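Worksheet: the structure to be examined is printed underneath.
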Amino acid sequence: MEKDWQPKILAFLCNWCSYAGADLAGTSRVQYSPNIRVIRVPCSGRINPLFILKALQSGVDGVLVSGCHPGDCHYLSGNYAGRRKSATLKRFLEFLGIEQGRVQFSWVSAAEGGKFSQVVDEVTRDIKRLGPLKKFKKSS
Amino acid sequence: MAMIQKKLREKTKELLAKKEVDLVIGFSDWTLPLRTTPIFIRTPEGAEHLVWNSFCENNLAAYLHKFSRLKVGVVVKGCDARSVVALNLEKRFPNHPPLLIGVVCQRLVDRKKVKKAVKGEILQAVEQGDLLLVKGENFEVSLKRDDFLYPSCQSCTHRTPHQAHILIGDPVEEVSLVETHPEVGEFERKSPEERWDFFEKETSRCLRCYACREACPMCYCGECFVDSSRPKWIEKSLSPSDLAFYHIVRAYHQTGRCSGCGACERACPMDIRLTYLTQKLNQEVKDLYGFETGIQPEAAPPLSTFDPEDQQGFIK
Ligand code: SF4
Ligand code: SF4
Ligand code: SF4
Ligand code: FES
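As you go down the protein sequences, you meet chains A and B in turn. Residues in the first sequence are numbered from 0 upward in steps of one, following numbering that gives the first Met the number 0. Residues in the second sequence are numbered from 0 upward in steps of one, following numbering that gives the first Met the number 0.
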């Protein structure tokens, strides 16, 4: 591994909560690690497992999906439906040998700027420990 | 088995004569030994072509999508019947739910295992009780049928198609002959590195012929994700990464829908191991949501519903 390697992490953030949480972290000048690239989604239930796989294949080292806390989804149940997809996909990827920690999930509300930065730091730390993703990545 | 075949023909003849169905999908003999072929019967006389043996390996539920405007009777084993229940749950048959002609399955013989056990080309194979008599030009052997079963059939605990409208054969005691899904266990005992290597080594032989998808009753999408060009999820290449992509998604799309029939793996011309993937997903939904495909005819498929109390220890 190169000494100055930095992981690339793709974060899918729900527009109504985690994206606003990230915004709050920013406006509150809370520091968090700069390794994430954010894609805003309308709801964590919008995540198709294909998004996560495509990201891993295309060169990111990890993926974070973050949505509203249970009970707080703007569309009432999007995060509940998403939770089942997340649980099964996560287990399946680990079964296949993709390291635990490559794909992570969190609930972060619009008021939780502090939690957002903490989550991002934790995920970044985990993925730094795992090193660059080699499996599955498409060599170009 | 001869009794079953006789009853199957009688029932089919009756159904078609009384016009209770327009079409019966079943199995017929084929030119190659150890194999059968699907047959589509529209007249009472046609019923004479039906066969029943341990080579009836297709999941005929896969053909139902082509005949949604007809009243169809379909010959199903335990696993196939569960596929039809799963398809019913997905509202695939709004006009005419198929009539299930269920046969209590004796477990199927893995033709590839038989071929490996003998030297030379097999010209004839017949079942006699628990034995399999295999003949070639210079040999004639009798094998113990139960030593040559498909892995998915060895561990099957749903041989009786309880959901069937017509049941042929007596219900059996449902026991697995081996540890549940031995292939899943075997795979899980490897390290993550070894697991990925195994998976990639298997899938790297894939030709992307999609026979596995075509054989599966649950792969009925108008446009499969591999064929979509907007967005283009996957390149039309044989790179290890794209092959892995196809196989992760094909398997994952079966979550809570796969009956474990094994038709995908049997259809593969490259002998690629496939069922351990969907069997693992079956175990997951059973463990997480207490769901088993095709058992509870009213239970919503696990990924199209939720419970506010679902497990979420993995979420930060
Ligand atoms: S994925 Fe394979 S084992 Fe599962 S239902 Fe489809 S064909 Fe049968
Ligand atoms: S692999 Fe997925 S998208 Fe393709 S036909 Fe099967 S279920 Fe549909
Ligand atoms: S049947 Fe085999 S070779 Fe064909 S697409 Fe499926 S896994 Fe690949
Ligand atoms: S709107 Fe945020 S998870 Fe549904």
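Here a beta-carbon is modelled for each residue, glycine too, at the ideal position from N, C-alpha and C. These numbers come from a predicted model, not from an experiment.
Legend entry - Near ligand 1: G100 (chain A) beta-carbon under 7 Å from a heavy atom: Position 101 of the first sequence, counted from the first residue, corresponds to residue 100 (chain A). Every heavy atom of ligand 1 is 7 Å or more from the Cβ of G100 (chain A), so no.
Legend entry - Segment contact flag, the stretch 58–76 of chain A with the stretch 163–170 of chain B, C-beta cutoff 8 Å, min 3 pairs: no
Inset, instruction - Determine the contact status of V50 (chain B) and L98 (chain B), defining contact as a CB-CB distance below 8 Å. - result: Translated into positions along the second sequence, residue 50 (chain B) becomes position 51. Translated into positions along the second sequence, residue 98 (chain B) becomes position 99. No. Outside cutoff.
Inset, instruction - State the beta-bridge partners of V317 (chain B) as determined by DSSP. - result: The displayed coordinates of chain B run from 0 to 315. Any statement about residue 317 (chain B) would go beyond what the structure contains.
Legend entry - Any non-hydrogen atom of ligand 2 within 7 Å of F224 (chain B) CB: Counting from 1 along the second sequence, the entry for residue 224 (chain B) is found at position 225. F224 (chain B) Cβ: within cutoff of ligand 2.
Legend entry - C257 (chain B) beta carbon near ligand 1 (any heavy atom closer than 7 Å): For the purposes of this step, residue 257 (chain B) is identified with residue 258 of the second sequence, where counting begins at 1. Yes, ligand 1 has a heavy atom inside 7 Å of this Cβ.
Inset, instruction - May I ask whether a heavy atom of ligand 3 can be found less than 7 Å away from the beta carbon of I35 (chain A)? - result: Residue numbering aside, residue 35 (chain A) sits at position 36 when the first sequence is read from its first letter. No, the beta carbon of I35 (chain A) sits no closer than 7 Å to any heavy atom of ligand 3.
Inset, instruction - Spell out a yes or no on whether the stretch 241–253 of chain B and the stretch 217–227 of chain B are touching, meaning 3 or more CB-CB pairs, one atom from each, closer than 8 Å. - result: yes
Legend entry - Delimiting residues of the beta strand (DSSP E) encompassing C211 (chain B): Looking up residue 211 (chain B) in the second sequence gives position 212. That residue, C211 (chain B), is in no beta strand (DSSP E); its alpha helix (DSSP H) goes A210 to A214.
Legend entry - Buried versus exposed, by CB contacts within 10 Å (16 or more), L75 (chain A): The residue you call residue 75 (chain A) lines up with position 76 of the first sequence. With fewer than 16 other Cβ atoms within 10 Å, it is exposed.
Legend entry - Same chain, Cβ closer than 8 Å to L63 (chain B), neighbours up to 5 away in sequence not counted: Here the question's residue 63 (chain B) lines up with position 64 in the second sequence. Counting only Cβ-Cβ distances below 8 Å, and skipping sequence neighbours, we find I24, V71, V73, V83, L86, R91, F92, P97 and P216.
Legend entry - Cβ neighbours of E173 (chain B) in the same chain (closer than 6 Å, five flanking residues each side left out): Here residue 173 (chain B) refers to the residue found at position 174 when the second sequence is read from its first residue. For E173 (chain B), where only same-chain residues beyond five positions count, the Cβ hits under 6 Å are T156.
Legend entry - Pick from B:K10, B:S141 and B:N57 that is closest to G45 (chain B), judged by C-alpha positions: Taking the second sequence and counting its residues from 1, one reaches residue 45 (chain B) at position 46. If we check each option's Cα against that of G45 (chain B), B:K10 comes out closest.
Inset, instruction - Determine whether the Cβ of S32 (chain A) lies closer than 8 Å to any Cβ atom of chain B. - result: The residue given as residue 32 (chain A) occupies position 33 in the first sequence. Not an interface residue.
Inset, instruction - Step through the CB atoms of chain B and report whether any lies within less than 8 Å of the CB of T87 (chain A). - result: Within the first sequence, the letter at position 88 stands for residue 87 (chain A). It does: the Cβ of T87 (chain A) has a partner Cβ on chain B nearer than 8 Å.
Inset, instruction - Answer yes if the stretch 253–273 of chain B comes into contact with the stretch 116–136 of chain B, meaning at least three C-beta pairs across the two stretches below 8 Å, and no otherwise. - result: no
Legend entry - Where Q123 (chain B) falls: helix, strand or coil (DSSP): Counting from 1 along the second sequence, the entry for residue 123 (chain B) is found at position 124. Reduced to three states, the DSSP call for Q123 (chain B) is strand.
Legend entry - With 16 other Cβ atoms within 10 Å as the buried cut-off, status of R36 (chain A): Numbered from 1 along the first sequence, position 37 holds the residue referred to as residue 36 (chain A). Exposed, because fewer than 16 other Cβ atoms sit within 10 Å of the Cβ of R36 (chain A).
Inset, instruction - Pick out whichever of A:K137, A:L9, A:L95 and A:W106 has its Cα sitting closest to the Cα of G61 (chain A). - result: Here residue 61 (chain A) corresponds to residue number 62 of the first sequence, with the count starting at 1. That would be A:L9, whose Cα lies nearest to the Cα of G61 (chain A).
Legend entry - Outcome for N78 (chain A) when other beta-carbon atoms lying within 10 angstroms are tallied against a minimum of 16: Numbered from its first residue, the first sequence carries residue 78 (chain A) at position 79. Buried.
Inset, instruction - Could you tell me which chain B residues have their CB closer than 7 Å to the CB of P69 (chain A), listed as they occur along the chain? - result: The residue you call residue 69 (chain A) lines up with position 70 of the first sequence. Under the 7 Å cutoff, chain B gives P307.
Legend entry - Exposure label - K65 (chain B); buried when at least 16 CB within 10 Å: By 1-based counting over the second sequence, the position of residue 65 (chain B) is 66. So K65 (chain B) ends up on the exposed side.
Inset, instruction - Look at G96 (chain A) and W195 (chain B) and say whether their C-beta atoms are less than 8 Å apart. - result: Your numbering for residue 96 (chain A) matches position 97 in the first sequence. Your numbering for residue 195 (chain B) matches position 196 in the second sequence. Against a cut-off of 8 Å, the Cβ pair of W195 (chain B) and G96 (chain A) comes out as a contact.
Inset, instruction - Would you tell me roughly how many angstroms separate the C-alpha atoms of E111 (chain A) and R124 (chain A), rounded to the nearest one? - result: On the first sequence, residue 111 (chain A) is found 112 positions in, with the first residue counted as 1. On the first sequence, residue 124 (chain A) is found 125 positions in, with the first residue counted as 1. When rounded, the distance between both Cα atoms is 20 Å.
Inset, instruction - Kindly say whether R249 (chain B), judged by its beta-carbon, lies nearer than 8 Å to any beta-carbon of chain A. - result: The sequence position of residue 249 (chain B) within the second sequence is 250, counting from 1. The beta carbon of R249 (chain B) does not come within 8 Å of any beta carbon belonging to chain A, so the residue lies off that interface.
Inset, instruction - For T254 (chain B), decide whether its Cβ has a neighbour in chain A, counting only Cβ atoms nearer than 8 Å. - result: Locating residue 254 (chain B) in the second sequence gives position 255, where the first residue counts as 1. Yes, T254 (chain B) counts as interfacial toward chain A.
Inset, instruction - Pair every Cβ in the stretch 3–20 of chain A with every Cβ in the stretch 38–49 of chain A, then say whether three or more of these pairs are closer than 8 Å. - result: yes
Inset, instruction - In angstroms with no decimal places, state the Cα-to-Cα distance between K127 (chain A) and K53 (chain A). - result: Indexing the first sequence from 1 puts residue 127 (chain A) at position 128. Indexing the first sequence from 1 puts residue 53 (chain A) at position 54. When rounded, the distance between both Cα atoms is 21 Å.
Legend entry - Heavy atom of ligand 3 within 7 Å of P268 (chain B) beta-carbon: Taking the second sequence and counting its residues from 1, one reaches residue 268 (chain B) at position 269. Result yes, Cβ under 7 Å from ligand 3.
Inset, instruction - Could you tell me whether any Cβ in chain A is nearer than 8 Å to the Cβ of L302 (chain B)? - result: Taking the first residue of the second sequence as 1, we reach residue 302 (chain B) at position 303. So yes, L302 (chain B) belongs to the interface.
Inset, instruction - Quick one: using the 10 Å Cβ neighbour count with 16 as the cut-off for buried, is Q127 (chain B) buried or exposed? - result: By one-based count along the second sequence, residue 127 (chain B) stands at place 128. Answer is exposed; the Cβ neighbour count stays below 16.
Inset, instruction - State the start and end residues of the unbroken alpha helix (DSSP H) segment that holds I51 (chain A). - result: As a first step, residue 51 (chain A) is located in the first sequence; it is residue number 52 there, counting from the start. Unbroken alpha helix (DSSP H) run through I51 (chain A): P48 to Q56.
Inset, instruction - Decide yes or no for the touch test of the stretch 264–279 of chain B against the stretch 295–314 of chain B: beta carbon pairs closer than 8 Å, at least 3 of them. - result: Verdict: no, contact absent.
Legend entry - Under 8 Å between C-beta atoms of F115 (chain A) and F313 (chain B): What you label residue 115 (chain A) is simply residue 116 of the first sequence in a count that begins at 1. What you label residue 313 (chain B) is simply residue 314 of the second sequence in a count that begins at 1. No, the Cβ-Cβ distance between F115 (chain A) and F313 (chain B) is not below 8 Å.
Inset, instruction - Can you pull the chain B residues whose beta carbon is under 7 Å from the beta carbon of V118 (chain A), in chain order? - result: What you label residue 118 (chain A) is simply residue 119 of the first sequence in a count that begins at 1. Those within 7 Å of V118 (chain A) in chain B are K315.
Legend entry - Reference V183 (chain B); option with closest CA among A:R83, A:L49, A:F91 and A:V118: On the second sequence, residue 183 (chain B) is found 184 positions in, with the first residue counted as 1. Considering only alpha carbons, the answer is A:F91.
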